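Participant: So the sequence shown is residues 1 to 230, counted in our numbering. Ideal Cβ placement from N, Cα and C applies to all residues, glycine included. Bear in mind that the values here come from a model prediction, so they are computed numbers and not experimental data. Attaching a single structure in structure tokens format; questions to follow.
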Amino acid sequence: MRIIEMNNVSKTYSNGVNALNNIDILIEKGEFVYVVGPSGAGKSTFIKMIYREELPSSGSIHIQGSDITKLKSKHVPYLRRKIGVVFQDFKLLPKLSVYENIAFALEVIEEPRHIIRKRVMEVLDIVKLKSKARFLPDELSGGEQQRVSIARAIVNDPRVLIADEPTGNLDPDTSWEVMETLETINRSGTTVIMATHNREIVNTIKRRVIVIESGRIVRDELRGSYSYER
Ligand code: ADP
Ligand code: ADP
Numbered sequence: 001m002r003i004i005e006m007n008n009v010s011k012t013y014s015n016g017v018n019a020l021n022n023i024d025i026l027i028e029k030g031e032f033v034y035v036v037g038p039s040g041a042g043k044s045t046f047i048k049m050i051y052r053e054e055l056p057s058s059g060s061i062h063i064q065g066s067d068i069t070k071l072k073s074k075h076v077p078y079l080r081r082k083i084g085v086v087f088q089d090f091k092l093l094p095k096l097s098v099y100e101n102i103a104f105a106l107e108v109i110e111e112p113r114h115i116i117r118k119r120v121m122e123v124l125d126i127v128k129l130k131s132k133a134r135f136l137p138d139e140l141s142g143g144e145q146q147r148v149s150i151a152r153a154i155v156n157d158p159r160v161l162i163a164d165e166p167t168g169n170l171d172p173d174t175s176w177e178v179m180e181t182l183e184t185i186n187r188s189g190t191t192v193i194m195a196t197h198n199r200e201i202v203n204t205i206k207r208r209v210i211v212i213e214s215g216r217i218v219r220d221e222l223r224g225s226y227s228y229e230r
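Here it is as structure tokens:
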């Protein structure tokens, strides 16, 4: 079953920069996809269009069959519940505990307290951080903070998890911990899309690789490798 479909998608920013050209892509439910390519190639733009942080200038983007480019802005929050997002710099709230950072996403949709508690402990278990529930973000290592941000991203049980350079600020050891967590989540059926510059990870954990260069998909391989220099 396909979960993401882009047809002839192009994006020109308001300053005239042409970031993506004629992108066509199909992503099936449950896939794990790396998005690689040089800086400025259009990877972040590609990823941002999936959770409607950016709209394309032309073309259509279907998520689970509905065209999100036509979504009214009041419906965007519903889309965001289907799509969890993880950033390079974690974006945790520094004054809230690990528990509160994760619970926050459920409090805004007014889930009952006992459900929130159960669900937060479940996702803390998935990312192996139950023992750190009461800690503040800056009392954790970088890898642990990223796992908290992954827990927050999956607490609404999204269909798709998007990660924009999730290991970009981490050392090699903690990067592997984060990858293990993303693999666990993928095995449970969540589609994972990850932009990365981490050659070692892409070449070791073999998955579909989409290579973007100068705003175009130049390669798309089911068990690909990192290299994009020709
Ligand atoms: P990557 O993630 O591969 O580094 P980006 O998608 O961030 O690439 O950027 C693609 C191109 O679009 C670059 O030329 C970049 O400078 C430009 N760009 C990105 N975001 C914006 C923006 N908000 N406004 C204008 N230009 C942008
Ligand atoms: P900025 O405003 O500079 O883009 P923020 O600090 O506001 O960065 O980071 C949060 C951003 O992530 C927001 O722009 C928000 O719209 C976006 N976002 C979209 N979908 C999600 C999601 N499912 N989970 C977390 N953040 C999301």
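Cβ atoms of Val98 and Val123: under 8 angstroms apart, would you say?
Facilitator: It is not a contact, given that the beta carbons lie outside the stated cut-off.
Participant: Is Thr196 near ligand 1, with its Cβ less than 7 angstroms from a heavy atom?
Facilitator: Flag unset: Cβ of Thr196 not near ligand 1.
Participant: So, for Leu222: in the same chain, excluding its five sequence neighbours on each side, which residues have a beta-carbon less than 7 angstroms away from its beta-carbon?
Facilitator: Cβ neighbours of Leu222 beyond the five flanking positions: Arg208.
Participant: Considering only residues of the segment 46-127, which uninterrupted beta strand (DSSP E) runs meet the minimum length of 3 residues and lie entirely inside it, listed in chain order?
Facilitator: DSSP runs (the beta strand (DSSP E)) wholly in the segment 46-127: 58-63 and 83-87.
Participant: Using only the heavy atoms of ligand 1, determine whether one of them is closer than 7 angstroms to the beta carbon of Ser39.
Facilitator: Yes, since a heavy atom of ligand 1 falls inside the 7 angstroms radius drawn around the Cβ of Ser39.
Participant: Please confirm whether Val35 and Lys43 have their CB atoms less than 8 angstroms apart.
Facilitator: Yes, these two residues count as a Cβ contact at 8 angstroms.
Participant: Is Asn15 helix, strand or coil by DSSP?
Facilitator: Reduced to three states, the DSSP call for Asn15 is coil.
Participant: Between Leu93 and the rest of its own chain, which residues show a CB-CB distance below 8 angstroms, the 5 nearest in sequence each way excluded?
Facilitator: Cβ neighbours of Leu93 beyond the five flanking positions: Glu100, Asn101, Phe104 and Pro137.
Participant: If we count the other Cβ atoms within 10 Å of its Cβ and call it buried at 16 or more, is Ser175 buried or exposed?
Facilitator: Counting Cβ neighbours within 10 Å, Ser175 comes out buried, since at least 16 surround it.
Participant: Under 8 angstroms between the Cβ atoms of Thr181 and Ile205?
Facilitator: No, these two residues do not count as a Cβ contact at 8 angstroms.
Participant: Could you tell me which uninterrupted alpha helix (DSSP H) segments, each at least 4 residues in length, are contained entirely in the segment 117-189, listed from first to last along the chain?
Facilitator: Counting whole runs of 4 or more residues, the segment 117-189 contains the alpha helix (DSSP H) stretches 142-154 and 172-187.
Participant: Which value, in whole angstroms, describes the spacing of the CA atoms of Ile3 and Thr69?
Facilitator: Cα-Cα distance, rounded: 15 angstroms.
Participant: Are Ile126 and Ile185 touching if we call contact CB-CB under 8 angstroms?
Facilitator: It is a contact, given that the beta carbons lie within the stated cut-off.
Participant: Please name the residue, chosen from Gly65, Ala133 and Val211, that lies closest to Ile193 on a Cα-to-Cα basis.
Facilitator: Comparing Cα-Cα distances from Ile193 to each of Gly65, Ala133 and Val211, the minimum goes to Val211.
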